[in-house]
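Below: the structure, in structure tokens.
Residue numbers (UniProt numbering): 1 to 80.
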């Protein structure tokens, strides 16, 4: 076969692999989030009650803000 046919086959296979990988990863993440939903205020309230604390709305709001900051905080590397 000619060289250009091999190049076309490789490019088509690469594009098909990327597209297939994207859809498989998307389906996996949707299933994971459905099985393990992220923590919301009600779950936080239940966890605090199980630990023996009486949760006030102020405490719950503080903990939710801390959790949101921790999850959206970009990882910084120290450069010196």
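Note that CB positions come from ideal geometry on N, CA and C, so glycine has one too.
The model shown is predicted, which means the values in this text are computed figures rather than measured ones.
C-alpha gap between residue i and residue j, whole angstroms
{"i": "residue 45", "j": "residue 55", "result": "6 Å"}
{"i": "residue 25", "j": "residue 14", "result": "16 Å"}
{"i": "residue 64", "j": "residue 72", "result": "12 Å"}
{"i": "residue 49", "j": "residue 10", "result": "58 Å"}
{"i": "residue 47", "j": "residue 8", "result": "56 Å"}
{"i": "residue 5", "j": "residue 22", "result": "26 Å"}
{"i": "residue 58", "j": "residue 16", "result": "50 Å"}
{"i": "residue 39", "j": "residue 20", "result": "30 Å"}
{"i": "residue 68", "j": "residue 42", "result": "15 Å"}
{"i": "residue 30", "j": "residue 2", "result": "43 Å"}
Secondary structure of residue i, DSSP reduced to three states
{"i": "residue 46", "result": "helix"}
{"i": "residue 52", "result": "coil"}
{"i": "residue 39", "result": "coil"}
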